[in-house]
Each structure stands twice: as structure tokens, then as C-alpha cells.
Amino acid sequence: MIAISHAHAAEPPRKVDRSSHPEDTVIDLGGGVKIGGGHFQVIAGPCSVEGENLLDIAARCKTAGATLLRGGAYKPRTSPYDRQGLGERGLDLLVEARAQTGMPIVSEVMDTRDVELFVDRGIDVMQIGTRNAQNFALLKEVGRTKTPILLKRGMAGTLEELLMAAEYIMSEGNDKVILCERGIRTFETATRNTFDLSAIPALHDFTHLPVAADPSHATGCARYVGPMALAACAAGADALEIEVHDDPASAWSDGPQALTCDEFDAMMDQIRSIRSAIFGPRDEDARP
Ligand code: PEP
Ligand code: MN
Numbered sequence: 002m003i004a005i006s007h008a009h010a011a012e013p014p015r016k017v018d019r020s021s022h023p024e025d026t027v028i029d030l031g032g033g034v035k036i037g038g039g040h041f042q043v044i045a046g047p048c049s050v051e052g053e054n055l056l057d058i059a060a061r062c063k064t065a066g067a068t069l070l071r072g073g074a075y076k077p078r079t080s081p082y083d084r085q086g087l088g089e090r091g092l093d094l095l096v097e098a099r100a101q102t103g104m105p106i107v108s109e110v111m112d113t114r115d116v117e118l119f120v121d122r123g124i125d126v127m128q129i130g131t132r133n134a135q136n137f138a139l140l141k142e143v144g145r146t147k148t149p150i151l152l153k154r155g156m157a158g159t160l161e162e163l164l165m166a167a168e169y170i171m172s173e174g175n176d177k178v179i180l181c182e183r184g185i186r187t188f189e190t191a192t193r194n195t196f197d198l199s200a201i202p203a204l205h206d207f208t209h210l211p212v213a214a215d216p217s218h219a220t221g222c223a224r225y226v227g228p229m230a231l232a233a234c235a236a237g238a239d240a241l242e243i244e245v246h247d248d249p250a251s252a253w254s255d256g257p258q259a260l261t262c263d264e265f266d267a268m269m270d271q272i273r274s275i276r277s278a279i280f281g282p283r284d285e286d287a288r289p
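Residue numbering for the sequence shown follows this note's numbering, beginning at 2 and increasing consecutively.
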């Protein structure tokens with residue numbers, strides 16, 4: 002009689018788990034910009050790169066204390082008839098803004114066919130958006146690069162699914178992954194999403210990777226962005242991603258959740274206060 006064994010081959014240890022790497026991972030973007038292990042950064046900028054106004058927004062964000070610039074050149078819009086982004090021209094504008102401000106740039110890549118372009122243009126951080134959080138072909142493709150990745154939580158994704166998405170990237174050789182809580186879809190409709198604040202300490206428990214928070218997409222409402230940004234800092238976020246626009250009413254996308262440059266400036270004062278109250282006065286990051 003042949004004995005049938007149900008034993009599976011032992012799974013390899015997961016690279017994402019804190020047990021495989023007890024110390025916090027610190028991602029170094031150069032120029033003194035590090036994320037994780039006590040280094041805190043603020044990523045700010047418009048939802049979509051729209052044109053030359055990016056350069057003014059970038060300058061204002063930098064003066065306020067942002068340390069990375071964000072902007073979407075390829076936009077995942079719910080309707081195919083909404084503006085889809087400037088594409089390569091958007092990347093060029095981000096590169097120009099980086100040259101003017103010195104801030105590393107973050108932009109979303111949506112298609113495996115565009116990854117090489119992002120690498121060639123030297124985009125400092127490639128963002129994987131919530132809608133692609135389980136696009137395994139894309140996760141593997143960015144995993145074959147050396148570019149740091151800002152990996153957003155799927156809008157209906159569990160923390161375990163987020164960790165496994167990061168594992169896809171890491172399993173291909175790229176261990177520079179920043180996780181990002183950006184709100185999840187729940188029965189509540191008063192806010193765009195429900196900000197899962199507890200994801201921040203929970204992820205720090207499960208993984209050594211840095212944990213960012215995006216209160217802009219989590220709430221969908223500019224008035225709630227500041228309070229949730231402060232809460233995320235208090236909960237131990239290693240980075241914030243905040244949408245900022247010089248004229249939110251005319252923004253191509255996500256205007257209702259965009260802070261004006263003045264509002265962002267005021268919020269940054271509060272962020273510095275809360276970080277110094279909780280983590281002590283030696284908070285050198287996120288200062289202009
Ligand atoms: C964005 O950052 O503009 C964005 C589309 O984010 P998310 O994928 O979290 O919705
Ligand atoms: Mn947006």
C-alpha cells in the first residue's frame with residue numbers, strides 16, 4: 002500500500018516578518034532622507050501632476066517642511082472618461098521639481114510596461130496604488146528593480162494581504178518596501194474610506210518594514226486630514242503622505258481632500274509639536 006503524505010514542504014521564512022529581521026528596516030533615499038527606524042518623513046504634493054503649477058506647489062511644500070514630493074502622472078481613475086494624467090510629461094515635471102527643490106519624488110506606476118520608464122527617469126519611489134495592491138505581475142516587476150516602493154493597502158485588503166503583497170516584491174529581490182495605510186472600505190459612508198489607525202502599531206508588530214499613513218485618501222475630506230495626520234504620528238507612523246494643491250477647487254482629481262499650501266503649512270507646525278511631545282525634541286527629520 003502506498004502511503005499518501007499530506008505533509009507540505011516547509012514554506013520558506015517570510016522576508017516581511019519581523020521574526021526574520023528584528024531591527025526596523027531603514028530606507029535611505031539619499032540626501033539625508035531616511036524612512037523607518039525612528040526616521041520620519043512627510044511626502045506631499047498634488048494628486049495629479051497637472052502642469053507647471055507643480056513647481057510652485059513643490060516649493061511651498063518644501064518650505065512647510067515636506068521632505069518628499071508626490072504627484073501622479075499615471076492616474077487610476079474610476080471612470081475611463083476622467084483625466085488619466087500627463088504620462089511621461091508628468092514624470093518630466095516631477096524630475097524638474099526635484100532639481101529645483103532637492104526633494105526625492107514619488108509617483109504611482111500602474112502598468113508593468115511602464116516600470117522601465119520609471120527606473121530610467123530615476124523616480125525615487127514607485128507607488129503601488131490601492132487598486133493594484135494584489136496585481137501580482139506588477140508587484141513582481143517592481144520587485145526586480147532596486148527602486149524603493151510605497152505599497153498601499155488594498156481598499157478591501159487585510160493586513161495579512163498587504164504583508165503578502167510586500168512579500169511578492171521582496172521575494173524578487175527588492176527589500177525596500179514602505180507599507181501605507183490609506184483607509185479601507187467599510188459600511189461607513191460619511192468619510193471616503195475608514196482610516197484604520199490600529200494598522201500602524203499592528204504592522205510595526207508584524208513587520209520590520211516602515212509604515213506610512215495617508216490621511217488624504219483615508220478620509221477624502223480636507224478638514225479631517227490634519228486630525229488624522231496627527232493621530233497617525235502619535236500612533237507611530239514613519240511617514241505621512243498628504244495631498245496638497247495650490248487651488249483645490251480646480252484640481253484634476255481629489256480636490257475635496259487636498260490641503261491648500263497654507264493649510265499644509267499650519268498642519269506641519271502641529272506635526273512637529275506632536276512628534277516632539279511624544280518622541281522628544283530631537284526630531285531632526287521633517288524639518289525644512
Ligand atoms: C493616490 O495616491 O493619488 C492614490 C490614487 O492613492 P490610492 O491608491 O491609495 O487611492
Ligand atoms: Mn489622490
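Beta carbons: idealized from backbone N, C-alpha and C, even for Gly.
{"Asked": "How many Å lie between A200 and E182 at the Cα?", "Found": "7 Å"}
{"Asked": "What's the C-alpha gap between P47 and L69?", "Found": "12 Å"}
{"Asked": "Would K177 be called buried (16 or more neighbouring beta carbons within 10 Å of its own) or exposed?", "Found": "buried"}
{"Asked": "Opposite E242 in the DSSP bridges: which residues?", "Found": "I44"}
{"Asked": "Does the beta-carbon of D255, which I'm using as the reference point, lie nearer than 7 Å to any heavy atom of the ligand MN?", "Found": "yes"}
{"Asked": "Using the DSSP secondary-structure output, state which residues sit across from D18 in a beta bridge.", "Found": "T208"}
{"Asked": "Judging by CA-CA distance, which residue of V17, M269 and Y82 is the nearest neighbour of I179?", "Found": "V17"}
{"Asked": "Which residues bound the beta strand (DSSP E) around L180?", "Found": "V178 to E182"}
{"Asked": "So what's G281 in DSSP terms, helix, strand or just coil?", "Found": "coil"}
{"Asked": "With the cut-off set at 8 Å, would you say A60 and D266 are in Cβ contact?", "Found": "no"}
{"Asked": "The alpha helix (DSSP H) spanning E142 covers which residue range?", "Found": "F137 to G144"}
{"Asked": "Taking 7 Å as the cut-off, is the C-beta of E24 nearer than that to any heavy atom in the ligand MN?", "Found": "no"}
{"Asked": "Out of I272, L260, T102 and A219, point me to the one whose CA is closest to G237's CA.", "Found": "I272"}
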